[in-house]
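Each position in the sequence shown, counted from 1, maps to that position plus 1 in our numbering.
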Amino acid sequence: LEPVDHARHVVILQEWLPQYRVPLFEALKVRLARDGIALSLVHGDPTPAVGTRGDSGAVEWAVHSNECRLGLPGRSVRYQRIPDSLRPFDLVVLPHRLADIRTMLKGIAIPSRQRFAYWGHALVSQAKNVPSLLLRSSALRPDWWFTYTDVGATRLSDIGYPVERITVLRNTIAGLGSAFVNDYSLLTPTVRRWVDEGRRLGCILGALTEDRLNPMVVDSATRIHDALPDFRLVIAGSGPMEEVANRAAREHPWIEHVGPCFGDAKWQLLQSSELLLMPGHIGLLAVDSLISGTPIITQSGVQHSVEFEYLAPGETCVVVPPSGSSEPLSAAAISLLTDRNRLMRMQESCRRAAKMHSLEDTVERFARGIIGALDS
């Protein structure tokens, strides 16, 4: 049970609240309460471009931030004010990015008046340009660091941040519940029919940005279908390239666009799919892939997020070289779909790797790091 009185108070500040973060913050609040620590969450609104993806979440106890934006040459930065109603607090956890005025101020050595921690990718380098210098300078200033991966921790250590004040979160999401195995009730009638008919389902999942869904990707799917007529493609998501998805579904009866797909519906779709056709940016989708046992086919030369490090090419994913052509992507998919033993080995490798990325583990790491920051 959560204590009536909390000895200490922590605030986590988010630019906006993605749907996939809701289970993390809900579980973290309960976990910290066991140690007498109150957790407050403050977040703003997504940018108009991000808002089109339809993946914002809601936490009942979260507080909306007062914020302002400043337009700088080639960059927009945001300042989010923590409401007075949440003061005092003992620690604030901030995102580490140049789009945040606090990060920029700390980069030019303006001190913080309260104990604070950063969390994020720890994208720091030895480059000499101004943005890199600001990020590197600011990265050395917090009382604690929460980074997503071991690679991020190494980056911080390389620039001189103390390793004993770094927590590696192993960024993840809420896992798949066993209750959804062989349950496709939340899928569209067309997709349910394809599952019942035993079709080979491929999936595109997430924000429909240009790198993830473009004519080349649709052409790749067409090549797969030409070689394997029982192949079907499900596009789940919304965003700037949504019209490409709608047009593809209108022109090809073997393509279905189902819109944004979250929670149980997402897991049902992943369980019904044999592969993820994702040539563009891979982030936390890597964890979705591992948990559901659905291998990703993607390409190199893309600015993947740090979570891509969780995947092992040849074991849990297939990576093809970028060529500007749909042929490498489609050839890789056809090869995997026609080699059932190889596909099953990759699916099992995904599930084994997923054991390293549970939400419970991430929450415990986050909580222990917060306690360490408060006690340091």
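A virtual CB, placed ideally from N, CA and C, is assigned to each residue, including glycine.
Nearest neighbour of residue i, chosen from the options [CA to CA]
| i | options | result |
| --- | --- | --- |
| G161 | I256, L141 and T173 | L141 |
| G108 | I283, L337, P143 and I225 | P143 |
| P84 | G284, L33, T148 and N67 | N67 |
| M357 | E257, A368, R346 and V288 | V288 |
| R22 | R193, I371, F263 and S86 | F263 |
| A118 | R251, L337, L202 and R103 | R103 |
| T155 | A123, R32, S377 and R70 | A123 |
| G153 | H258, V31 and E308 | E308 |
| P190 | T148, L270 and D376 | L270 |
| D101 | V11, R82 and P89 | R82 |
Contact set for residue i: own chain, Cβ-Cβ below 7 Å, skip 5 residues either direction
| i | result |
| --- | --- |
| S350 | E316 and T317 |
| M345 | none |
| H226 | F232 and W255 |
Contacting residues, own chain, Cβ-Cβ under 8 Å from residue i (five flanking each side not counted)
| i | result |
| --- | --- |
| D362 | R171 and T173 |
| R366 | T168, V169, L170 and R171 |
| T210 | G240, P241, M242, G281 and H282 |
| A180 | In this predicted model, A180 has a pLDDT of only 47, less than 50, meaning its place in the structure is not dependable; the value taken from the coordinates is given anyway. Cβ neighbours of A180 beyond the five flanking positions: none. |
| A8 | G37 and I38 |
Under 8 Å between C-beta atoms of residue i and residue j
| i | j | result |
| --- | --- | --- |
| V319 | A333 | yes |
| S290 | P323 | no |
| I298 | M279 | yes |
| I371 | L14 | no |
| L42 | A59 | no |
| W195 | R166 | no |
| Y311 | A354 | yes |
| A1 | L285 | Because the chain in this structure spans residues 2 to 377, residue 1 falls outside the shown range and cannot be described. |
| P19 | D46 | no |
| E16 | P132 | no |
| F147 | V192 | no |
Distance between beta carbons of residue j and residue i, contact taken as under 8 Å
| i | j | result |
| --- | --- | --- |
| L277 | L187 | That pair is no contact at about 18 Å. |
| A228 | I236 | Contact doesn't hold; Cβ gap of about 20 Å is too wide. |
| A222 | L234 | 5 Å |
| R343 | G294 | Not a contact, Cβ separation roughly 14 Å. |
| Y185 | S273 | 6 Å |
6 Å Cβ shell around residue i - same chain, five flanking residues per side excluded
| i | result |
| --- | --- |
| V164 | S158 |
| P329 | V321 |
| P69 | First, the residue type needs correcting, since residue 69 is Cys and not Pro in the sequence shown. Counting only Cβ-Cβ distances below 6 Å, and skipping sequence neighbours, we find Y80. |
| S336 | none |
| K30 | L40 |
| V51 | none |
| A110 | none |
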